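Residue numbers (UniProt numbering), protein chains in the order written: chain A, 1 to 196; chain B, 1 to 196. Note that the Cβ used here is the ideal one computed from N, Cα and C, for glycine as well. Predicted model only: the values in this text are computed from it and were never measured. Just below is one structure, and these are the notes that go with it.
2 protein chains.
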Amino acid sequence: MTTARRDTYTPETLLSVAVRVFNERGYDGTSMEHLSKAAGISKSSIYHHVAGKEELLRRAVTRALDGLFGILEEEHARVGRAAERLEYVVRRMVEVLLAELPYVTLLLRVRGNTATERWALERRREFDHRVAELLKAAAAEGDVRGDVEVRLATRLVFGMINSIVEWYRPDGRGSSAREVRDAVVRLVFGGLRKEA
Amino acid sequence: MTTARRDTYTPETLLSVAVRVFNERGYDGTSMEHLSKAAGISKSSIYHHVAGKEELLRRAVTRALDGLFGILEEEHARVGRAAERLEYVVRRMVEVLLAELPYVTLLLRVRGNTATERWALERRREFDHRVAELLKAAAAEGDVRGDVEVRLATRLVFGMINSIVEWYRPDGRGSSAREVRDAVVRLVFGGLRKEA
């Protein structure tokens, strides 16, 4: 069986097809027609599962956001010196980004044209803010340099991490997920300069 | 006089309008009609200046690329230890990105659907490669950490720098160009950790 049969579709598989199409065409540029063609099922079959493309978007970005916010609930993100918690969170952010690559990619490309997109942007800002607070605490504890303003540092670190979605391909030919994660942690905390 | 008169248009002002519209709507999503409306001149007046929108794209990305490649010709990028040249190049990259913000933004958003876009992507790769070579030389001279693979480090550093176009606003309310530049240089070379 090479093509999915209508009755083998689950909300889960439909979601993964939708996320792929959203990432390829942009959410705005995707119609129910595109989703129907990509999934190989009729539009009415899609409507059997979801109310429309905005529901698919909401489910997809929820998955990415749950992954990211989940990190902050983990023990190592809650207990210990702020700098160590921050390092843990950065490491886990890269892991979640790579494990949920299409979902996080979609989240990062959200523009804000619909209520769901604006909600997703708001949640992203909230997450950024939580990480910025951790960085501020680490600076207050004297473990992080004080000569780069916290909001600016947060933006630049997120810029480095989020850029991974632009080039990482999980086909095993480039860097592995582990190499990427370790490289980010080393660069974010230690920088390029050789440690004395 | 609040609207530009037809005969006050120069290729330069037309280019700056076109770049703004390309960045707002995406290059693919911009028609000559959009450009004509935004510039407040007729399509035939635009054709008086340029052969079409692809020529405007080529001129715009050429401006960004000339700025970036120009850095590599500067004395401090050519003479001295590789790590110092690299630090100079990173600092100047941020300066050029901020000075030519709309042009570099457009360059970074090029997709590769037309010959001009593919040429721009090729030139970008060439620039990335030149910076990667500098990083490799700095590692060989023992001034840069050896535990992050050169290509991966280059990608992550470019990711941090290029992300600036997503949030920097030259309206004087957020961080200044100088603060951004210094923050990038500090984080790229020293990382977040407080130097001992």
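Residues of the region 97-125 of chain B with a C-beta less than 7 Å from any C-beta of chain A: none at all. Per DSSP, A/G70 is one residue of the alpha helix (DSSP H) stretching across 53-73.
Non-local C-beta neighbours of A/T30 in its own chain, meaning closer than 6 Å and more than five positions away in sequence, comprise V21, F22, ordered along the chain. Per DSSP, the beta-bridge partners of B/V144 are A/R193.
Secondary structure at B/E100: coil, using DSSP grouped into helix, strand and coil.
Contact annotation: in the region 51-82 of chain A, no residue has its CB less than 7 Å from a CB in chain B. Only residues of its own chain outside the window of five on either side were considered, and among them V21 have a CB closer than 6 Å to the CB of B/H34, listed in chain order.
Per DSSP, A/S16 is one residue of the alpha helix (DSSP H) stretching across 11-25. According to the DSSP assignment, B/R173 belongs to no alpha helix (DSSP H), since it is labelled neither H nor E.
Counting only Cβ-Cβ distances below 7 Å, A/L187 has contacts in chain B at V148, A153, L156, G191, in chain order.
The residues H34, in chain order, have a CB closer than 8 Å to that of B/R25 in the same chain once the five nearest residues on each side in sequence are set aside.
Annotation: B/E179 to A/K37 spans about 49 Å, alpha carbon to alpha carbon. Around the C-beta of B/N113, fewer than 16 other C-beta atoms lie within 10 Å, and the residue is accordingly described as exposed.
Distance from A/E141 to A/R81 at the Cβ level is roughly 6 Å; contact confirmed, criterion being Cβ atoms closer than 8 Å. For the set B/V79, B/T154, B/R58, B/P11, the Cα lying nearest the Cα of B/Y27 is the one of B/R58.
For B/S16, the nearest beta carbon of chain A is not closer than 9 Å to its own beta carbon. Within chain B, no C-beta atom comes nearer than 9 Å to that of A/R130; the closest sits roughly 16 Å away. Any Cβ of chain A closer than 9 Å to the Cβ of B/A183 would place that residue at the interface, and such an atom is present. CA-CA distance, A/V94 to A/T10, rounds to 28 Å. Using a 10 angstroms sphere on the CB of B/T105, the tally of other CB atoms reaches 16 or more, which defines it as buried. In this structure, A/A183 lies away from B/L192, with their beta-carbon atoms at least 9 Å apart. At the C-beta level, B/A60 and B/L97 stay beyond 9 Å of one another.
Excluding five sequence positions before and after A/L187, the CB atoms of its chain that fall closer than 8 Å to its own CB belong to M160, given in chain order. Taking 9 Å as the threshold, the shortest C-beta distance from A/D171 to chain B does not fall below it. In terms of beta-carbon proximity, A/M93 stays away from the interface with chain B, with every pair separated by 9 Å or more. Comparing alpha carbon positions, the residue from B/V150, B/L107, B/A39 closest to A/G174 is B/V150.
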